[in-house]
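J.:
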Amino acid sequence: MSSSPKIGAHVSAAFSLELSFERAKKIGAECTQIFISPPQQWLQTKHGLEEIQRYRKAQIESGTSPNFIHGTYLINLATQNYEHLKKSINWLIYAMNMAAQLQMAGVIFHLGSHKGIGFEKCLNQIVKAIHTILATVTTNLPIDQNAVTKPYLILETSAGAGGNIGGRFEELGKILKAVSDERLKVCLDTQHTFTAGYDLASKLGLEKTLFEFNKEIGLKNLAVIHLNDSKTELASQKDRHENIGEGFIGTKGFARIINHPKLKSIPFILEVPGFSGNGPDRENIQMLKNLVIS
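My numbering runs 1178 ahead of the 1-based position in the sequence shown.
Set out below in structure tokens:
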């Protein structure tokens, strides 16, 4: 494995999934995250066998990996609305099956909000939902079973506002422990985690955060990091991404994160607004690459 961290980005997969690799190359991204359907809808976009094969071929030829799917923002495994819960589970099964066929690393998603009833009261429901999802993937796929992978189902950390689950590491740790499946992993979003109250900007704060993460979740369960600066201050509980070095985590904070010996083997995915306002760009990626100590 390379000693340098892999720095990538969320890129568009519009028109055909394999085009995401061309877009990644243009901005210097070494790994990717994409939407496979409109992120504000329940739509399960059908990607045919030819498109799947084109994506897999382009993935190999580009050398871009690992690659991830980001879930629809409508998902809520803590909802008390049965229809909403069923739609959330079904969409994640769809996404996991697509990730398996596309030979992608996993599906990253937001767990959703308990809407004030408290985490403990919805823990069992979340665990049962995840068991259902993991038990259902890689079945009845339209391609050779030997050609599919076993993708991770990846829980993303949240900023913690509005009852959103994942603002505290212990919440995700309890879910992982209860599910007890090696396919369940975690994505640490630096902006969300910072505004949830974990100080990633200072040297001591980063060490404390990683200690807490390892204690509650386990660094072995960290699959990917969303690398975003924050428009708002520590513990503000606001989901507001900023370009690298222009927010409250800052250039020095990111230099420590990407060079930390416990994190250098973890892929980094940018979800920043971009200096031209069009999403992750070459400038943000290059800035991070320039911070890497070889």
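Think of the CB as a built atom: it goes at the ideal place given N, C-alpha and C, for glycine as much as any other residue.
Because the structure is a prediction, the values reported are computed rather than measured.
Would you say I1473 and L1252 are within 9 Å of each other, going by their C-beta atoms?
T.: This structure leaves residue 1473 out entirely; the chain is present only between 1179 and 1472.
J.: Give the DSSP-derived three-state secondary structure of G1457 in the structure shown.
T.: Three-state result, G1457: coil.
J.: Would you mind sorting M1179 into buried or exposed? The rule is 16 or more other CB atoms within 10 Å of its CB.
T.: Because the pLDDT of M1179 is 41, which lies under 50, any placement of that residue in the model is unreliable, and the number read from its coordinates should be weighed accordingly. Burial call: exposed.
J.: Got a sec, what are the start and stop residues for the alpha helix (DSSP H) N1275 sits in?
T.: It spans 1260-1280 - the alpha helix (DSSP H) in which N1275 sits, taken as one unbroken run.
J.: Please work out which residues of its chain come closer than 7 Å, Cβ to Cβ, to A1277, disregarding the five sequence neighbours upstream and downstream, and give them in chain order.
T.: Answer for A1277: I1247, G1284, V1285, P1329, listed in chain order.
J.: Specify the secondary structure class of L1412 as computed by DSSP and reduced to three states.
T.: Coil, per DSSP.
J.: So I1426 packs on L1412, CB below 8 Å; how close in whole Å?
T.: The residue you asked about is not Ile; residue 1426 is Phe in the sequence shown. About 7 Å; that satisfies the 8 Å criterion.
J.: Could you check how far apart the C-beta atoms of I1435 and L1378 are, in whole angstroms? I think they sit under 8 Å.
T.: The Cβ separation is near 7 Å, so the contact holds.
J.: Starting from Q1211, trace the beta strand (DSSP E) both ways and give me its first and last residue.
T.: Looking at the DSSP string, the run of the beta strand (DSSP E) that includes Q1211 is 1210-1212.
J.: Could you give the uninterrupted runs of the alpha helix (DSSP H) lying entirely in the region 1323-1358, keeping only those of 4 residues or more?
T.: The region 1323-1358 contains these whole alpha helix (DSSP H) runs: 1347-1357.
J.: Could you check whether S1190 and G1457 sit closer than 9 Å to each other, using their CB atoms as the reference points?
T.: Yes, they are a contact pair.
J.: Bridge partners for F1287 per DSSP, in chain order?
T.: Answer by DSSP bridge pairing, in chain order: L1333.
J.: Return the residue from the list L1405, A1313, L1441, G1345 that minimises the CA-CA distance to E1155.
T.: Residue coverage of the chain in this structure runs from 1179 to 1472, which leaves residue 1155 outside it and unanswerable.
J.: Which of helix, strand or coil does DSSP assign to K1386?
T.: Of the three classes helix, strand and coil, the one that applies to K1386 here is helix, per DSSP.
J.: Tell me the DSSP secondary structure of E1420 in three-state form.
T.: Note: E1420 maps to strand in three-state DSSP.
J.: Would you list the one or two residues that DSSP bridges to C1365?
T.: Answer by DSSP bridge pairing, in chain order: E1334, V1402.
J.: Just to confirm before moving on: does the CB-CB distance between G1249 and F1297 stay below 9 Å?
T.: Against a cut-off of 9 Å, the Cβ pair of F1297 and G1249 comes out as no contact.
J.: Identify the continuous alpha helix (DSSP H) that holds L1301 and give its terminal residues.
T.: Run containing L1301: 1297-1314, per the alpha helix (DSSP H) assignment.
J.: Taking C-beta to C-beta, are L1405 and K1363 nearer than 9 Å?
T.: Not in contact: L1405 and K1363 (Cβ atoms no closer than 9 Å).
J.: Jot down the residue ranges of each uninterrupted alpha helix (DSSP H) in the region 1216-1246, minimum 4 residues, whole runs only, in chain order.
T.: List check, alpha helix (DSSP H) in window: 1227-1240.
J.: Could you spell out where the alpha helix (DSSP H) holding A1187 opens and where it closes?
T.: First-last for A1187: 1185-1188, but that is the beta strand (DSSP E), not the alpha helix (DSSP H).
J.: By a C-beta neighbour count over all protein chains shown, 10 Å radius and 16 as the cutoff for buried, is Q1219 buried or exposed?
T.: Looking at its Cβ environment, which holds fewer than 16 other Cβ atoms inside 10 Å, Q1219 is exposed.
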